[in-house]
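Colleague:
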Ligand SMILES: [Zn+2]
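Here's what the structure looks like:
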């Protein structure tokens with residue numbers, strides 16, 4: 333965990349967590365404390381400790397989730413258990429799925445990831461604002477990576493909490509596309525919305541905060557163009573498969589190759605990705621409809637090793 337050196341609005345601290353857990357943003361004012369996003373479940377004890385350090389004995393009043401991917405809300409249950417008066421705010425589009433704890437709709441099943449059950453008290457409505465710490469933050473819809481995601485903007489300092497809609501280098505996997513739902517246009521619209529806000533500082537969901545906003549938006553647009561070329565290109569599907577396996581390795585660090593393969597084959601998103609990725613196997617004459625999933629799984633494991641995001645040690649696949 334590193335603490336960012338950039339200047340933020342008074343009372344705002346960014347706990348930069350890496351890629352398994354999202355960043356946690358702590359916002360403190362004299363009469364109010366809030367946290368935006370709570371990281372992944374396997375880090376929940378550390379998340380609570382880090383937040384307790386920041387609060388220095390004060391209670392946590394509000395928890396806001398930009399979106400409900402497991403790496404942004406996996407610490408919710410832990411924080412709710414510790415801070416009994418905590419009020420949790422989630423995007424309005426997710427309210428029914430959380431109430432009924434529908435792990436299909438919440439994508440925890442589809443990604444093969446885990447998230448302890450939590451509750452909420454309030455929904456975040458676009459085009460309204462809420463006080464977090466010392467400042468009033470605007471709530472804006474940011475569909476694309478996730479259809480229900482919001483981003484938060486503080487207009488005086490022009491600081492944008494951009495979740496996974498805009499990173500220093502790109503943006504998160506466009507998950508609706510894995511379900512066959514067109515969402516690249518939504519990504520483009522969200523980037524335009526971010527551009528119009530004219531933010532000076534971006535606090536992304538992952539990675540370090542940054543100020544070269546224009547260049548980041550250009551990089552994101554270049555990446556979007558690469559993903560959305562109109563020839564049924566597997567570019568985005570390849571990226572998604574790599575990200576999902578890398579996340580699994582970040583969580584477990586070291587897994588038997590056979591169990592990594594089985595995990596991929598059991599994952600609903602991987603099953604949806606397989607037909608999109610079959611073109612990469614077109615020269616492999618041994619590929620049949622029956623073994624296509626296994627071949628793609630082998631290929632993804634190989635690619636992760638080629639780009640040095642993983643390595644093989646005997647029968648193990650190891651994160652690196
Ligand atoms: Zn996300």
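Residue numbers (the working numbering): 333 to 652.
Here a beta-carbon is modelled for each residue, glycine too, at the ideal position from N, C-alpha and C.
Quick caveat, the model's predicted, so the values are computed rather than measured.
#1: If you measure from each residue's Cβ to the nearest non-hydrogen atom of ligand 1, which ones come out under 5 Å, in chain order?
#2: Ends of the beta strand (DSSP E) at residue 340?
#3: Measuring CA to CA, which of 351, 382, 547 is closest to residue 357?
#4: Counting along the chain, where does the alpha helix (DSSP H) carrying residue 551 start and finish?
#5: Could you tell me the distance, in whole angstroms, from the CA atom of residue 630 to the CA atom of residue 593?
#6: Cα separation between residue 352 and residue 576?
#7: Which full runs of the alpha helix (DSSP H) of 4+ residues lie inside the stretch 391-415, going along the chain?
#8: Taking 8 Å as the cut-off, does the stretch 419-434 touch the stretch 559-573 (at least 3 CB pairs, one atom from each stretch)?
#9: Measuring straight from C-alpha to C-alpha, what distance separates residue 543 and residue 622?
#10: On a Cα-Cα basis, can you pick out the residue from 400, 439, 345, 465 that is closest to residue 364?
#11: So, are the CB atoms of residue 421 and residue 395 less than 9 Å apart?
#12: Output the distance between the C-alpha atoms of residue 399 and residue 626, rounded to the nearest integer angstrom.
#13: When you compare the stretch 537-553 with the stretch 583-603, are there three or more beta-carbon pairs, one atom per stretch, that lie closer than 8 Å?
#14: Shortest alpha-carbon distance to residue 595 belongs to which of 628, 388, 367?
#15: Closest to residue 516 by CA distance: which of 370, 493, 554, 541 is it?
#16: Taking 9 Å as the cut-off, decide whether the C-beta atoms of residue 412 and residue 450 are in contact.
#17: For residue 625, name the three-state secondary structure that DSSP assigns.
#18: Are the stretch 522-531 and the stretch 484-503 touching by the rule of at least three beta carbon pairs closer than 8 Å?
#19: Distance, Cα to Cα, residue 590 vs residue 636?
Modeller: From the atom records:
#1: 401, 496, 504
#2: Here residue 340 belongs to no beta strand (DSSP E), and DSSP marks it neither H nor E.
#3: 382
#4: 545-559
#5: 7 Å
#6: 11 Å
#7: 402-405, 408-414
#8: no
#9: 49 Å
#10: 465
#11: yes
#12: 32 Å
#13: no
#14: 628
#15: 554
#16: yes
#17: helix
#18: yes
#19: 15 Å
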